[in-house]
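Asker:
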Amino acid sequence: MVHGGRQVAGPATENKTEDGSEGVENRAGSKLPAKHMAYAWLVSAWDRAISFILQQTMYSLSTGPLPRHIAFIMDGNRRWSRAHNMRVQEGHLKGFEALKRVLDLCLSLQRIEVVTVYAFAIDNFKRDPDEVHALMELARTRLLELYEHSDFVARHSICIRVVGHREYLPPSVQETARRVEEATQHNTGPTLNICMPYASQAEICHAAQQATKNSQQLTPASLSSHLMVPDDPPVDILVRTSRVSRLSDFLLWQSNEHTQMHFVDQYWPMFGACDLIPILLEYQRAQTHRG
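Under our numbering, read the sequence shown as residues 160 to 450, first letter to last.
1. On a CA-only basis, which of Arg301, Val403, Pro428 is nearest His421? Give me that one, please.
2. Quick one, are the C-beta atoms of His228 and Val423 less than 8 Å apart?
3. Helix, strand or coil for Tyr277 per DSSP?
4. Going straight from the alpha carbon of Ser180 to that of Trp200, what length do you get?
5. Compute the Euclidean distance between the alpha carbons of Arg211 and Ala366, then round it to the nearest angstrom.
6. Using the C-alpha atoms, what's the distance from Ile209 back to Ile363?
7. Which residue from Leu302, Ser359, Asn346, Phe311 puts its Cα closest to that of Ser331?
8. Does the beta-carbon distance from Asp234 to Arg399 come in below 8 Å?
9. Please say whether Tyr357 and Ile281 have beta carbons closer to each other than 8 Å?
10. What runs of the beta strand (DSSP E), each 3 residues or longer, lie entirely inside the stretch 318–350?
11. Hey, how far is the Cα of Ser383 from the Cα of Arg337?
12. Could you have a look at Asn244 and say whether DSSP puts it in helix, strand or coil?
13. State buried or exposed for Tyr327, treating a residue as buried only when at least 16 other CB atoms are found within 10 Å of its CB.
14. Assign Gln413 to one of two classes, buried (16 or more other C-beta atoms within 10 Å of its C-beta) or exposed (fewer than that).
15. In terms of DSSP beta bridges, what is Phe422 paired with?
16. When the Cα atoms are used, what is the spatial distance from Thr418 to His448?
17. Am I right that Leu213 and Ala432 are in contact with their C-beta atoms under 8 Å? What's the rounded C-beta distance?
18. Within a Cβ cutoff of 6 Å, which residues of the same chain sit near Ser454, ignoring the five residues on either side of it in sequence?
19. Could you give the distance in angstroms between the alpha-carbon of His195 and the alpha-carbon of Arg207?
20. When DSSP builds the beta bridges, which residues end up paired with Ala230?
21. Give me, in chain order, the residues of the same chain whose beta-carbon lies closer than 6 Å to that of Val312; leave out the 5 immediate sequence neighbours on both sides.
22. Arg238: which of Ala370, Met429, Leu297 sits nearest, CA to CA?
23. Asn236 by DSSP, collapsed to three states: which one?
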(Lines of atoms letter the chains of each structure in order from A and count residues from 1; the text may use other names and numbers.)
(Lines give C-alpha, C1' and ligand atoms only; values in the text may rest on other atoms or scores of the structure.)
Protein backbone atom coordinates (compact mmCIF):
# COMPACT_ATOMS: atom_id res chain seq x y z
CA MET A 1 0.00 0.00 0.00
CA VAL A 2 1.26 3.51 -0.82
CA HIS A 3 0.69 6.44 1.54
CA GLY A 4 2.01 9.88 0.65
CA GLY A 5 4.35 8.49 -1.98
CA ARG A 6 5.96 6.00 0.44
CA GLN A 7 5.58 2.22 0.25
CA VAL A 8 3.91 0.77 3.35
CA ALA A 9 3.09 -2.85 3.98
CA GLY A 10 -0.51 -3.67 4.77
CA PRO A 11 -3.08 -4.85 5.81
CA ALA A 12 -1.65 -6.09 9.09
CA THR A 13 -2.27 -7.63 12.51
CA GLU A 14 -0.90 -6.54 15.86
CA ASN A 15 2.31 -8.24 17.05
CA LYS A 16 5.55 -7.58 18.88
CA THR A 17 8.71 -6.40 17.17
CA GLU A 18 12.15 -7.76 18.01
CA ASP A 19 12.78 -4.93 20.48
CA GLY A 20 9.53 -5.76 22.28
CA SER A 21 7.57 -2.74 21.08
CA GLU A 22 4.05 -3.04 19.74
CA GLY A 23 3.99 -3.67 16.02
CA VAL A 24 1.92 -5.01 13.16
CA GLU A 25 2.31 -7.99 10.87
CA ASN A 26 1.63 -7.66 7.17
CA ARG A 27 0.40 -10.32 4.75
CA ALA A 28 3.94 -11.48 4.06
CA GLY A 29 4.39 -12.20 7.76
CA SER A 30 7.07 -9.54 8.37
CA LYS A 31 6.69 -7.35 11.41
CA LEU A 32 6.45 -3.59 11.03
CA PRO A 33 6.79 -1.31 14.08
CA ALA A 34 3.61 0.53 14.95
CA LYS A 35 5.52 3.82 14.92
CA HIS A 36 6.25 3.28 11.22
CA MET A 37 2.56 2.80 10.51
CA ALA A 38 1.78 5.92 12.53
CA TYR A 39 4.37 7.86 10.54
CA ALA A 40 2.87 6.66 7.27
CA TRP A 41 -0.59 7.70 8.45
CA LEU A 42 0.69 11.15 9.41
CA VAL A 43 2.36 11.58 6.02
CA SER A 44 -0.85 10.58 4.26
CA ALA A 45 -2.90 12.95 6.41
CA TRP A 46 -0.41 15.75 5.73
CA ASP A 47 -0.63 15.15 1.97
CA ARG A 48 -4.43 15.26 2.12
CA ALA A 49 -4.34 18.48 4.13
CA ILE A 50 -1.94 20.14 1.67
CA SER A 51 -4.11 19.04 -1.26
CA PHE A 52 -7.21 20.49 0.42
CA ILE A 53 -5.46 23.80 1.18
CA LEU A 54 -4.25 24.04 -2.43
CA GLN A 55 -7.75 23.40 -3.77
CA GLN A 56 -9.24 26.08 -1.52
CA THR A 57 -6.49 28.56 -2.43
CA MET A 58 -6.97 28.01 -6.15
CA TYR A 59 -10.73 28.42 -5.73
CA SER A 60 -10.18 31.69 -3.88
CA LEU A 61 -7.87 32.90 -6.65
CA SER A 62 -10.46 32.02 -9.29
CA THR A 63 -12.92 34.51 -7.79
CA GLY A 64 -10.61 37.50 -8.38
CA PRO A 65 -9.01 39.12 -11.43
CA LEU A 66 -6.72 36.78 -13.35
CA PRO A 67 -4.18 37.29 -16.13
CA ARG A 68 -5.29 36.45 -19.64
CA HIS A 69 -1.71 35.79 -20.80
CA ILE A 70 1.09 34.46 -18.60
CA ALA A 71 4.59 33.69 -19.88
CA PHE A 72 7.49 31.71 -18.43
CA ILE A 73 11.22 31.76 -19.10
CA MET A 74 11.95 28.21 -17.96
CA ASP A 75 15.48 28.70 -16.67
CA GLY A 76 17.64 26.56 -14.39
CA ASN A 77 17.40 22.99 -15.68
CA ARG A 78 21.16 22.66 -16.09
CA ARG A 79 22.02 24.33 -12.78
CA TRP A 80 19.47 22.16 -10.97
CA SER A 81 20.97 18.99 -12.46
CA ARG A 82 24.50 20.05 -11.51
CA ALA A 83 23.37 20.89 -7.97
CA HIS A 84 21.96 17.36 -7.67
CA ASN A 85 24.90 15.60 -9.39
CA MET A 86 22.70 14.52 -12.27
CA ARG A 87 23.18 14.53 -16.02
CA VAL A 88 21.99 17.67 -17.80
CA GLN A 89 19.46 15.60 -19.74
CA GLU A 90 17.81 14.57 -16.46
CA GLY A 91 17.45 18.23 -15.54
CA HIS A 92 15.68 18.94 -18.83
CA LEU A 93 13.38 15.95 -18.26
CA LYS A 94 12.48 17.29 -14.81
CA GLY A 95 11.88 20.64 -16.45
CA PHE A 96 9.27 19.09 -18.73
CA GLU A 97 7.52 17.57 -15.71
CA ALA A 98 7.50 21.04 -14.15
CA LEU A 99 5.91 22.45 -17.31
CA LYS A 100 3.02 19.99 -17.08
CA ARG A 101 2.61 20.77 -13.38
CA VAL A 102 2.55 24.53 -13.91
CA LEU A 103 0.23 24.27 -16.91
CA ASP A 104 -2.21 22.23 -14.86
CA LEU A 105 -2.17 24.92 -12.16
CA CYS A 106 -2.65 27.77 -14.62
CA LEU A 107 -5.38 26.13 -16.64
CA SER A 108 -7.29 24.94 -13.59
CA LEU A 109 -8.10 28.62 -13.05
CA GLN A 110 -10.02 28.48 -16.37
CA ARG A 111 -9.86 32.19 -17.25
CA ILE A 112 -6.21 32.17 -18.33
CA GLU A 113 -6.39 32.21 -22.13
CA VAL A 114 -2.74 31.96 -23.19
CA VAL A 115 0.38 30.40 -21.66
CA THR A 116 3.65 31.07 -23.49
CA VAL A 117 6.86 29.27 -22.56
CA TYR A 118 10.43 29.90 -23.69
CA ALA A 119 11.57 26.37 -24.50
CA PHE A 120 14.62 26.96 -26.69
CA ALA A 121 16.38 30.15 -27.76
CA ILE A 122 18.08 30.48 -31.14
CA ASP A 123 21.32 31.11 -29.24
CA ASN A 124 20.94 27.71 -27.55
CA PHE A 125 22.18 26.08 -30.75
CA LYS A 126 25.64 27.29 -29.65
CA ARG A 127 25.61 24.82 -26.74
CA ASP A 128 27.37 21.46 -26.70
CA PRO A 129 26.12 19.45 -29.72
CA ASP A 130 25.29 16.43 -27.56
CA GLU A 131 23.10 18.56 -25.30
CA VAL A 132 21.38 20.19 -28.28
CA HIS A 133 20.70 16.77 -29.81
CA ALA A 134 19.28 15.51 -26.51
CA LEU A 135 17.07 18.60 -26.21
CA MET A 136 15.73 18.17 -29.73
CA GLU A 137 14.90 14.51 -29.05
CA LEU A 138 13.26 15.46 -25.76
CA ALA A 139 11.20 18.11 -27.55
CA ARG A 140 10.07 15.60 -30.17
CA THR A 141 9.07 12.88 -27.73
CA ARG A 142 7.38 15.21 -25.26
CA LEU A 143 5.41 17.00 -27.96
CA LEU A 144 4.12 13.60 -29.02
CA GLU A 145 3.33 12.75 -25.42
CA LEU A 146 1.35 15.95 -24.95
CA TYR A 147 -1.28 14.93 -27.47
CA GLU A 148 -0.92 11.16 -27.96
CA HIS A 149 -0.43 9.65 -24.52
CA SER A 150 -2.10 12.06 -22.14
CA ASP A 151 -5.61 13.29 -21.43
CA PHE A 152 -4.12 16.60 -20.33
CA VAL A 153 -4.60 18.38 -23.66
CA ALA A 154 -8.07 16.89 -24.19
CA ARG A 155 -9.18 17.77 -20.66
CA HIS A 156 -8.34 21.45 -21.15
CA SER A 157 -9.00 21.47 -24.95
CA ILE A 158 -5.60 23.11 -25.45
CA CYS A 159 -4.53 24.53 -28.79
CA ILE A 160 -0.76 23.97 -29.08
CA ARG A 161 1.41 26.22 -31.23
CA VAL A 162 5.15 25.78 -31.78
CA VAL A 163 6.41 29.26 -32.64
CA GLY A 164 9.79 30.51 -33.77
CA HIS A 165 12.14 29.87 -36.67
CA ARG A 166 11.17 26.22 -37.09
CA GLU A 167 13.34 25.87 -40.17
CA TYR A 168 16.31 25.60 -37.77
CA LEU A 169 14.83 22.50 -36.11
CA PRO A 170 15.67 18.93 -37.20
CA PRO A 171 13.17 17.60 -39.77
CA SER A 172 11.77 15.06 -37.27
CA VAL A 173 10.96 17.83 -34.77
CA GLN A 174 9.44 20.01 -37.50
CA GLU A 175 7.19 17.13 -38.55
CA THR A 176 6.14 16.43 -34.96
CA ALA A 177 5.35 20.11 -34.40
CA ARG A 178 3.21 20.12 -37.55
CA ARG A 179 1.29 17.02 -36.42
CA VAL A 180 0.68 18.44 -32.94
CA GLU A 181 -0.59 21.74 -34.30
CA GLU A 182 -2.90 20.02 -36.80
CA ALA A 183 -4.28 17.72 -34.10
CA THR A 184 -5.09 20.58 -31.71
CA GLN A 185 -5.90 23.48 -34.05
CA HIS A 186 -9.66 23.14 -33.57
CA ASN A 187 -9.51 22.91 -29.78
CA THR A 188 -11.47 25.72 -28.16
CA GLY A 189 -9.64 26.05 -24.85
CA PRO A 190 -6.50 27.98 -23.89
CA THR A 191 -3.53 28.36 -26.22
CA LEU A 192 -0.10 27.01 -25.33
CA ASN A 193 2.68 28.77 -27.24
CA ILE A 194 5.93 26.78 -27.15
CA CYS A 195 8.69 29.11 -28.33
CA MET A 196 11.44 27.09 -30.03
CA PRO A 197 13.76 28.18 -31.47
CA TYR A 198 12.88 31.76 -30.68
CA ALA A 199 14.35 35.24 -30.29
CA SER A 200 12.21 38.35 -29.95
CA GLN A 201 14.43 40.56 -32.10
CA ALA A 202 14.33 37.98 -34.89
CA GLU A 203 10.54 37.82 -34.53
CA ILE A 204 10.20 41.61 -34.81
CA CYS A 205 12.49 41.75 -37.86
CA HIS A 206 10.51 38.96 -39.51
CA ALA A 207 7.22 40.75 -38.79
CA ALA A 208 8.56 44.00 -40.26
CA GLN A 209 9.72 42.19 -43.39
CA GLN A 210 6.33 40.53 -43.83
CA ALA A 211 4.47 43.81 -43.35
CA THR A 212 6.54 45.70 -45.91
CA LYS A 213 6.48 42.77 -48.35
CA ASN A 214 2.69 43.00 -48.36
CA SER A 215 2.92 46.73 -49.18
CA GLN A 216 1.60 47.65 -45.77
CA GLN A 217 2.63 50.86 -44.10
CA LEU A 218 4.88 49.90 -41.19
CA THR A 219 2.91 50.75 -38.07
CA PRO A 220 2.62 49.10 -34.66
CA ALA A 221 -0.65 47.53 -35.79
CA SER A 222 0.73 46.17 -39.08
CA LEU A 223 3.80 44.79 -37.33
CA SER A 224 1.69 43.18 -34.61
CA SER A 225 -0.39 41.39 -37.23
CA HIS A 226 2.69 39.47 -38.39
CA LEU A 227 4.12 38.44 -35.02
CA MET A 228 4.76 34.77 -34.34
CA VAL A 229 3.30 35.21 -30.84
CA PRO A 230 0.22 37.46 -31.16
CA ASP A 231 0.10 40.38 -28.73
CA ASP A 232 -3.65 40.03 -28.23
CA PRO A 233 -3.89 39.50 -25.37
CA PRO A 234 -0.63 41.16 -24.33
CA VAL A 235 1.50 39.52 -21.66
CA ASP A 236 0.06 40.24 -18.20
CA ILE A 237 2.67 38.32 -16.18
CA LEU A 238 6.17 37.25 -17.19
CA VAL A 239 8.02 34.89 -14.85
CA ARG A 240 11.69 33.96 -15.00
CA THR A 241 13.11 31.31 -12.70
CA SER A 242 16.62 30.52 -11.45
CA ARG A 243 17.76 33.81 -9.86
CA VAL A 244 18.37 35.50 -13.22
CA SER A 245 17.01 39.03 -13.76
CA ARG A 246 16.99 39.52 -17.52
CA LEU A 247 14.55 38.96 -20.38
CA SER A 248 16.96 37.13 -22.72
CA ASP A 249 15.25 38.43 -25.87
CA PHE A 250 11.81 37.03 -24.99
CA LEU A 251 8.45 38.65 -25.87
CA LEU A 252 9.88 42.17 -26.02
CA TRP A 253 7.06 43.44 -28.24
CA GLN A 254 4.24 41.57 -26.47
CA SER A 255 5.16 43.02 -23.06
CA ASN A 256 3.96 46.51 -22.16
CA GLU A 257 3.80 49.04 -19.34
CA HIS A 258 1.31 46.89 -17.43
CA THR A 259 3.22 43.60 -17.68
CA GLN A 260 4.26 42.37 -14.24
CA MET A 261 7.70 40.78 -14.26
CA HIS A 262 8.74 38.33 -11.57
CA PHE A 263 12.27 36.99 -11.19
CA VAL A 264 12.18 34.11 -8.72
CA ASP A 265 15.00 32.17 -7.07
CA GLN A 266 13.54 28.71 -7.66
CA TYR A 267 15.06 26.57 -10.41
CA TRP A 268 12.48 25.67 -13.05
CA PRO A 269 12.38 21.91 -12.28
CA MET A 270 11.18 22.73 -8.74
CA PHE A 271 8.80 25.57 -9.66
CA GLY A 272 5.28 24.87 -8.47
CA ALA A 273 2.20 26.09 -6.62
CA CYS A 274 4.14 27.64 -3.73
CA ASP A 275 5.96 29.85 -6.27
CA LEU A 276 3.06 30.61 -8.60
CA ILE A 277 0.34 31.44 -6.07
CA PRO A 278 2.17 34.48 -4.55
CA ILE A 279 2.70 35.81 -8.09
CA LEU A 280 -1.01 35.52 -8.87
CA LEU A 281 -1.93 37.11 -5.55
CA GLU A 282 0.38 40.04 -6.31
CA TYR A 283 -1.29 40.41 -9.71
CA GLN A 284 -4.71 40.52 -8.08
CA ARG A 285 -3.52 43.09 -5.54
CA ALA A 286 -2.14 45.29 -8.33
CA GLN A 287 -5.30 44.97 -10.41
CA THR A 288 -7.45 45.92 -7.45
CA HIS A 289 -5.22 48.94 -6.80
CA ARG A 290 -5.41 50.00 -10.48
CA GLY A 291 -9.15 49.52 -10.60
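Positions of the beta carbon are idealized from the N, C-alpha and C atoms, including for glycine.
Answerer: The answer reads as follows:
1. Taking the first residue of the sequence shown as position 1, residue 421 is located at position 262. Of the listed residues, the one whose Cα sits closest to His421 is Val403.
2. As a working mapping, residue 228 is identified with position 69 in the sequence shown. As a working mapping, residue 423 is identified with position 264 in the sequence shown. No; because the gap between Cβ atoms is not below 8 Å, this pair is not in contact.
3. By one-based count along the sequence shown, residue 277 stands at place 118. Tyr277 falls in the strand class under three-state DSSP.
4. As a working note, residue 180 is residue 21 in the sequence shown. As a working note, residue 200 is residue 41 in the sequence shown. Here the model assigns Ser180 a pLDDT of 47, short of 50, so the residue's position is not dependable, and the following value carries that caveat. For Ser180 and Trp200, the distance between alpha carbons rounds to 18 Å.
5. As a working mapping, residue 211 is identified with position 52 in the sequence shown. As a working mapping, residue 366 is identified with position 207 in the sequence shown. Looking at the sequence provided, one finds Phe at residue 211 rather than Arg. When rounded, the distance between both Cα atoms is 46 Å.
6. Locating residue 363 in the sequence shown gives position 204, counting from the first residue. Locating residue 209 in the sequence shown gives position 50, counting from the first residue. The alpha-carbon atoms of Ile363 and Ile209 are separated by roughly 44 Å.
7. As a working mapping, residue 331 is identified with position 172 in the sequence shown. Closest by alpha carbon: Leu302.
8. For the purposes of this step, residue 234 is identified with residue 75 of the sequence shown, where counting begins at 1. For the purposes of this step, residue 399 is identified with residue 240 of the sequence shown, where counting begins at 1. Result yes, Cβ atoms of Asp234 and Arg399 sit closer than 8 Å.
9. Position 122 of the sequence shown, counting from 1, holds the residue named residue 281. Position 198 of the sequence shown, counting from 1, holds the residue named residue 357. Yes. Within cutoff.
10. Taking only runs of at least 3 residues, the beta strand (DSSP E) segments lying wholly in the stretch 318–350 are 318–322.
11. Working through the sequence shown from its first residue, we reach residue 383 at position 224. Working through the sequence shown from its first residue, we reach residue 337 at position 178. About 23 Å.
12. As a first step, residue 244 is located in the sequence shown; it is residue number 85 there, counting from the start. Coil, per DSSP.
13. Along the sequence shown, read from residue 1 onward, the residue named residue 327 stands at position 168. It is exposed - the Cβ of Tyr327 has fewer than 16 other Cβ atoms within 10 Å.
14. Working through the sequence shown from its first residue, we reach residue 413 at position 254. Buried, by the Cβ-count rule.
15. On the sequence shown, position 263 is the one that residue 422 refers to. Phe422 is bridged by DSSP to Arg399.
16. Position 259 of the sequence shown holds residue 418. Position 289 of the sequence shown holds residue 448. Counting only the Cα atoms, His448 lies some 15 Å from Thr418.
17. Stepping through the sequence shown from its first residue, residue 213 is reached at position 54. Stepping through the sequence shown from its first residue, residue 432 is reached at position 273. Distance from Leu213 to Ala432 at the Cβ level is roughly 6 Å; contact confirmed, criterion being Cβ atoms closer than 8 Å.
18. A query on residue 454 cannot be resolved here, the shown segment of the chain reaching from 160 to 450 and no further.
19. Position 36 of the sequence shown, counting from 1, holds the residue named residue 195. Position 48 of the sequence shown, counting from 1, holds the residue named residue 207. The alpha-carbon atoms of His195 and Arg207 are separated by roughly 18 Å.
20. In the sequence shown, residue 230 corresponds to position 71, counting from 1. Beta-bridge pairing links Ala230 to Thr275, Leu397.
21. In the sequence shown, the residue the question calls residue 312 occupies position 153. Answer for Val312: Leu305, Tyr306, listed in chain order.
22. Translated into positions along the sequence shown, residue 238 becomes position 79. Out of Ala370, Met429, Leu297, Met429 has the C-alpha closest to the C-alpha of Arg238.
23. Translated into the one-based positions of the sequence shown, residue 236 becomes position 77. In the three-state scheme derived from DSSP, where H, G and I count as helix and E and B as strand, Asn236 is classed as helix.
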